[in-house]
Amino acid sequence: MMLDGETPAVAVIAGTPFDAGLGAELLRAKGLAAVPYGMANTPHEQDSMQYQDPRGLAAAFHARLHGLHARGTELAMLFCNSMSAVVDHDKAALPVISPIAVYREVFPELRSSLVITGNAQALVGVERTTWQVSPGHRMVGLSDPALVSGIETGDPEAAFTHSHLPTTLRLAQRLDLDAVVLACTHFTTILPLITAACDLPVIDVGTRLVELATLAVTGSQIPG
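In terms of the UniProt record's numbering, the sequence shown is residues 1 to 224.
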């Protein structure tokens, strides 16, 4: 039961318990109540659902939102870039703070970028939105599911060091791109490592999602 004057918890929906928990932890650090909900147990299971049964994933996602709405939840944060590309959440039971809102905000301000995602579904989602809001944008895309799995094993620094990402960041600098966009919420975990390895501006979608959710809870308009 919610006490008078208590702010309802934000539902953090993500691909796995790892990124759902990360999103909830970041919201709590902002002083908000948050409850995590992972839609799969592992990155591999989430990828399989997205590629093999996207309709089933969408149905489970919307069922979760309907159940949360019935229990009084007023806002959800979709803390998963690849799910945002697969699941239509424009007409959901709850307002949803989504990576797509970040893309719409960020890409019109950039001429070019290196976009790093956790799987190719997320790349498609970024490219689709970028084509709509900034059709002249030059996007160099990379997906790295192995890095996502490595982060979940509990040693993010080793996962980053042994990935292709340090080399790719140096390539982005040589190409003189405007920014690096981290379009996988798992990569929020290694944001300090990425910023230390790259002289380009780094835009972390996960961090911005938390900022937008915080603004929504504190009374600002939810971005479309």
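Note that beta-carbon positions come from the ideal geometry of N, C-alpha and C, so glycine has one too. This structure is a prediction, so every number in the text was calculated from the model and none was measured.
- [ ] From the DSSP output, in three-state form, read off Asp47 for me.
- [x] In the sequence shown, counting from the first residue as 1, residue 47 sits at position 47. Helix at Asp47.
- [ ] Use the C-beta contact count for His186: other C-beta atoms within 10 angstroms, 16 or more gives buried, fewer gives exposed.
- [x] Position 186 of the sequence shown, counted from the start, is the residue given in the question as residue 186. His186 is buried by the Cβ-count criterion.
Open item on the list: Using only the alpha-carbon positions, how far apart do Gln50 and Val86 sit?
Closed with: Position 50 of the sequence shown, counted from the first residue, corresponds to residue 50. Position 86 of the sequence shown, counted from the first residue, corresponds to residue 86. The straight-line gap from Cα to Cα measures roughly 7 Å.
- [ ] Kindly identify the DSSP beta-bridge partner or partners of Phe140.
- [x] Counting from 1 along the sequence shown, the entry for residue 140 is found at position 140. At residue 140 the sequence reads Val, which differs from the Phe that was named. According to DSSP, which records beta bridges pairwise, Val140 is partnered with Leu114.
Open item on the list: Taking only three categories from DSSP, how would you classify Asp199?
Closed with: Position 199 of the sequence shown, counted from the start, is the residue given in the question as residue 199. In this structure, Asp199 counts as coil in the three-state DSSP scheme.
Open item on the list: Does Gly38 come out as helix, strand or coil in the three-state DSSP assignment?
Closed with: Indexing the sequence shown from 1 puts residue 38 at position 38. Note: Gly38 maps to strand in three-state DSSP.
Open item on the list: Using 9 Å as the threshold, is the C-beta distance between Ser143 and Asn119 below it?
Closed with: Position 143 of the sequence shown, counted from the start, is the residue given in the question as residue 143. Position 119 of the sequence shown, counted from the start, is the residue given in the question as residue 119. Going by C-beta atoms, Ser143 is nearer than 9 Å to Asn119.
- [ ] Can you check DSSP and say which residues form a bridge with Ala20?
- [x] Sequence index remark: in the sequence shown, residue 20 carries index 20 (1-based). Paired residue(s): none; Ala20 is not in a bridge.
Task: Minimum C-alpha distance to Pro145 - residue among Arg128, Gln121 and Pro166 - done: Here residue 145 is taken as the residue at index 145 of the sequence shown, counted from 1. When only C-alpha atoms are compared, the closest one is Gln121.
- [ ] Report yes or no: do the stretch 123 to 133 and the stretch 150 to 161 share at least 3 C-beta pairs separated by less than 8 Å?
- [x] no
Task: Through-space distance from His162 to Leu212, alpha-carbon basis - done: In the sequence shown, residue 212 corresponds to position 212, counting from 1. In the sequence shown, residue 162 corresponds to position 162, counting from 1. If you take the alpha carbons of Leu212 and His162, they lie about 32 Å apart.
Task: Nearest to Arg138 (by Cα), restricted to the options Gly219, Ser113 and Arg174 - done: As a first step, residue 138 must be located in the sequence shown, where it is residue number 138. Closest by alpha carbon: Ser113.
Open item on the list: Let me check understanding here. Comparing Cα to Cα, which of Arg174, Thr189 and Ser82 lies closest to Ala58?
Closed with: As a working note, residue 58 is residue 58 in the sequence shown. Answer by Cα proximity: Ser82.
Task: Cβ pair Ala172, Phe79 closer than 9 Å - done: Taking the sequence shown and counting its residues from 1, the one referred to as residue 172 is at position 172. Taking the sequence shown and counting its residues from 1, the one referred to as residue 79 is at position 79. The answer is no: Cβ separation not under 9 Å.
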